[in-house]
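The opening position of the sequence shown corresponds to residue 0 in numbering that gives the first Met the number 0, with each subsequent residue numbered one higher.
From the three backbone atoms N, C-alpha and C, an ideal C-beta is built for every residue, glycine too.
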Amino acid sequence: MVIDMVEILAPCGSYESLIAAVRAGADAVYVGSKIFSARQNAKNFDREELKSAVSECHKHGVKIYQAVNTVVLDSQLNELLDELKFACEIGIDGLITQDLCLIEFIKKVCPKMPVHASTQMTLHTKNGVLFARELGFSRVVVSREVSKEILTELCSLNIEIEAFVHGALCMSVSGQCFLSAMIGSRSANRGLCAGACRLPFSADKNKDSYALSLKDMSYIKYLQELKNIGVSSFKIEGRMKRPEYTAATVYECKRALNGMPPDMELLKSVFSRSGFTDGYYTGDLGKNMFGIRQKDDVISVNDVLPKLKSIYKNEVKKYKIDFDIYIHFDKPIILRAESNGCKAVITGEPPQRALNRPIDNEFVSKQLSKLGGSQYETGKIHCDIEKGVMVSASVINKLRRDAVSAIDKAVCEKNTKVIPFNKEKAANIISNLNLKSDNDIKNTKIRISLSKINVLNEIDITDIELITIPMSDIADMSCELNAKLKDKICISLPRYMHNEQKVIDEVKSLKNKGFLKYEATNLAHLRILNKLSLEIHTGFGLNITNSLALEALEKYNVKDAVVSFELKTNEINRLKSSLNFGVISYGRLPLMLCVNCPIKSSVGCKSCKGYLTDRTNRRFKVRCNKQYGYYELLNSETLYLADKLNEFKNISFHTLCFDDETGKEINDIIDSYKRSLPCKGSYTRGLYFRGII
């Protein structure tokens with residue numbers, strides 16, 4: 000599907016960056032307010048600034064999207080509704096979100112508000128995109144890791160596809176990184192990522208190795224190709240960066256779309272980490288994708304700043320403006336202006352009789368053409384001037400300025416669509432939620448999750464409610480499963496899918512063998528499993544942090560859900576839902592979901608020791624899911640909560656996740672949880688008690 004009109008979408012973390020983006024020629028910008036923005040460390044916009052930003056953009060015909068893309072707590076739902084109401088009132092052109100509660104709000108209280116699925120939702124397959132479309136999203140921001148072939152497929156699905164084309168590239172798939180939260184309580188899903196992946200990590204104990212730091216991505220040279228593929232919006236990352244960066248990237252994107260080669264050296268100078276990579280798009284993964292911010296990268300920016308400032312020093316001439324002026328004795332001066340389909344009429348005092356040299360068409364036209372500080376260039380000028388009149392240049396100049404200002408206002412009003420917001424329905428949502436009682440769980444169950452099935456026949460599963468096993472391992476079972484055991488098996492689907500159809504075919508085959516319970520680890524799985532009429536349990540990867548998100552899952556036949564391990568215990572206890580939910584209570588928590596293996600890229604598979612070390616010599620296991628093309632970085636410490644189970648008041652189950660443990664060790668841990676015993680070795684309580692910022 001070829002798109003006739005594509006959008007260059009610029010990041011704006013401050014008002015100055017917004018001006019830079021607009022003047023450099025951006026078609027749209029995305030901003031964050033002071034709350035619910037996944038870039039809380041950017042300056043961001045307070046409410047007055049946000050109103051001004053909407054006006055500034057709309058008078059230039061530029062769209063403005065607001066990122067409301069952090070996960071939301073129950074205690075923030077009223078605040079979120081108020082933020083949504085304000086966005087509707089000021090004419091925001093669309094909201095970007097990752098939390099299911101926002102799309103539920105929008106469908107009920109302001110269905111005309113366009114909403115974009117954030118890249119934090121980890122949408123990278125056909126069924127994921129179709130699920131977002133069915134939810135009510137008008138656009139999907141796809142994962143940065145998709146290849147050209149997959150991106151081409153996604154662009155054929157009758158929904159707008161937005162793709163990142165330039166900027167920082169995280170080692171982890173967006174929405175699936177918990178490294179910063181676990182190390183320093185600064186959650187990426189709450190907009191406060193501390194960039195822990197940019198610190199030294201090594202596969203061979205080399206303290207100068209940065210095994211989790213990727214170069215910045217840049218697809219700018221492919222923009223014509225991306226347009227032909229059907230990408231609707233070219234997104235630039237960088238709300239934390241300076242205005243000169245915004246201006247330069249927008250400017251070079253415009254050049255590329257106009258058939259000119261982008262100045263990659265300029266872009267490298269303004270910001271890069273040892274250059275750029277296009278590895279995910281081209282499929283060229285490996286060591287060449289890795290890089291860090293070096294001294295030369297920092298120094299080079301000082302040389303280009305003056306040049307970059309010149310890009311957005313002045314307004315871009317975007318529209319032509321026509322003038323029609325009427326100057327006659329004893330009548331008010333009338334100046335009519337028209338541009339971009341908008342009209343304005345300005346009146347002035349009647350002219351005086353000329354004592355010396357009267358004005359003429361040439362004089363008046365010259366004054367009306369002085370449009371240097373505006374976005375307009377001179378169009379047609381028609382003068383109807385009676386002979387012998389006199390009007391000073393200052394009067395005509397004021398009439399022109401007032402006319403331009405009136406046209407600006409009219410263009411802004413034309414481009415600003417106030418969205419109706421149903422206050423009564425909004426109040427009812429919260430009231431109905433408050434009427435729900437907390438789950439009264441009398442007998443919390445224990446579930447286990449195994450990364451390898453070969454220990455299953457060594458485990459006492461008498462009191463185990465459910466056993467989750469990765470789909471990659473189920474075909475290699477070394478033990479016979481009787482019908483009773485098979486009924487306890489829940490197959491966990493791959494967290495990232497390069498070949499979605501292969502996964503679907505495997506699920507169909509397993510269904511025919513009698514496996515009917517599955518763990519959905521991303522949103523695409525909900526659609527796949529519903530179509531196959533299978534029992535659905537959802538994992539932590541859906542980042543469920545509030546009651547409305549749990550309510551949304553119920554509509555898609557989810558039987559129960561694991562809530563985010565970024566929640567504090569008291570936040571979990573406040574959740575209200577008729578859907579059963581539980582927590583991960585034991586194991587090495589997955590901190591990153593990676594498509595590019597950090598060990599293979601550093602030392603190769605033959606030298607793989609299975610873990611990375613950080614600068615403090617802590618060891619982080621890398622779980623290899625090579626069969627499906629992804630890798631998981633696990634925490635260095637083991638989560639242990641057996642002696643804290645009574646702190647959780649309303650959950651249905653505790654999930655114990657095992658990786659390298661032997662059958663005996665697993666039995667001992669299960670026994671410890673049954674008896675609420677304290678841990679004997681080193682451990683972590685995760686974030687359940689210390690929380691995140």
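{"Query": "Have a look at Y221 and I429 and give me their C-alpha separation to the nearest angstrom.", "Result": "46 Å"}
{"Query": "Assign N545 to one of two classes, buried (16 or more other C-beta atoms within 10 Å of its C-beta) or exposed (fewer than that).", "Result": "buried"}
{"Query": "Please state whether DSSP places R189 in a helix, a strand or coil.", "Result": "helix"}
{"Query": "Does the beta-carbon of P597 have 16 or more other beta-carbons within 10 angstroms, so that it is buried, or is it exposed?", "Result": "buried"}
{"Query": "Within the same chain, show all residues whose beta-carbon is closer than 6 Å to that of K673, passing over the 5 residues directly before and after it, in chain order.", "Result": "none"}
{"Query": "Quick one: is S391 buried, meaning 16 or more other Cβ sit within 10 Å of its Cβ, or exposed?", "Result": "exposed"}
{"Query": "Where does the unbroken alpha helix (DSSP H) through C411 begin, and where does it stop?", "Result": "A392 to N414"}
{"Query": "Throw me the rounded Cβ distance for the R138 and L156 pair, which I believe falls under 8 Å.", "Result": "Contact flag wrong, Cβ pair sits at about 12 Å."}
{"Query": "Can you find at least 3 beta carbon pairs, one from the stretch 57-67 and one from the stretch 407-422, that sit closer than 8 Å?", "Result": "yes"}
{"Query": "How many angstroms separate the CA atom of A23 from the CA atom of K330?", "Result": "43 Å"}
{"Query": "Just how far apart, CA to CA, sit N360 and V403?", "Result": "20 Å"}
{"Query": "Would you call the stretch 412-425 and the stretch 614-626 in contact, with 3 or more CB pairs under 8 Å?", "Result": "no"}
{"Query": "Buried or exposed: where does Q500 fall if 16 or more other Cβ atoms within 10 Å of its Cβ makes it buried?", "Result": "exposed"}
{"Query": "Exposed or buried, which one is Q626 when buried takes at least 16 other CB atoms within 10 Å?", "Result": "exposed"}
{"Query": "Using DSSP with H/G/I as helix, E/B as strand and the rest coil, what is E348?", "Result": "coil"}
{"Query": "According to DSSP, is V449 helix, strand or coil?", "Result": "For the record, residue 449 in the displayed sequence is Leu; it is not Val. Strand at L449."}
{"Query": "According to the Cβ coordinates, are Y29 and L49 closer than 8 Å?", "Result": "no"}
{"Query": "Expressed to the nearest angstrom, what Euclidean distance is found between the alpha-carbon atoms of L655 and E82?", "Result": "38 Å"}
{"Query": "So is D723 buried or exposed if we call it buried at 16+ other beta carbons inside 10 Å?", "Result": "There is no way to answer for residue 723, as the model of the chain reaches only from 0 to 692."}
{"Query": "For I490, list the residues DSSP reports as bridge partners.", "Result": "I468 and Y517"}
{"Query": "Report, in whole angstroms, the separation of the C-beta atoms of I668 and Y585, which I expect to be a contact under 8 Å.", "Result": "6 Å"}
{"Query": "Is there a Cβ from chain C that is less than 8 Å from the Cβ of I418?", "Result": "In summary, chain C is missing from the structure at hand, where a single protein chain is found."}
{"Query": "Would you please state the rounded distance, in angstroms, between the beta carbons of R46 and F104? I believe it to be under 8 Å.", "Result": "Going by Cβ atoms, the distance from R46 to F104 rounds to 19 Å, so no, they are not a contact pair."}
{"Query": "In or out: F688 buried (at least 16 other Cβ within 10 Å) or exposed?", "Result": "exposed"}
{"Query": "What are the boundary residues of the beta strand (DSSP E) that C656 is part of?", "Result": "F652 to F657"}
{"Query": "In whole angstroms, what is the alpha-carbon distance linking C154 and L566?", "Result": "35 Å"}
{"Query": "Taking DSSP as the reference, what is the three-state secondary structure of F270?", "Result": "coil"}
{"Query": "Give, in chain order, every unbroken run of the alpha helix (DSSP H) that is at least 4 residues long and sits entirely within the stretch 70-131.", "Result": "76-89 and 99-108"}
{"Query": "Around the Cβ of C604, are there at least 16 other Cβ atoms within 10 angstroms (buried) or fewer (exposed)?", "Result": "exposed"}
{"Query": "Quick check on this structure: which residue in G90, S32 and F35 has the alpha carbon closest to the alpha carbon of S54?", "Result": "G90"}
{"Query": "Pull up the CB-CB distance for P493 and V502, whole angstroms please, since I reckon it's below 8 Å.", "Result": "6 Å"}
{"Query": "Starting from the Cα of K599, find the closest Cα among L590, L588, P589 and L611 and give me that residue.", "Result": "L611"}
{"Query": "Could you tell me how far apart the beta carbons of A195 and S201 are, in whole angstroms, since I believe they sit closer than 8 Å?", "Result": "With 8 Å as the limit, A195 and S201 do not qualify as a contact, their Cβ atoms being about 14 Å apart."}
{"Query": "Are the beta-carbon atoms of L574 and F580 separated by less than 8 Å?", "Result": "yes"}
{"Query": "Can you say whether H381 is buried or exposed, counting buried as having 16 or more other CB atoms within 10 angstroms of its CB?", "Result": "exposed"}
{"Query": "Please classify Y311: does DSSP put it in a helix, a strand, or coil?", "Result": "coil"}
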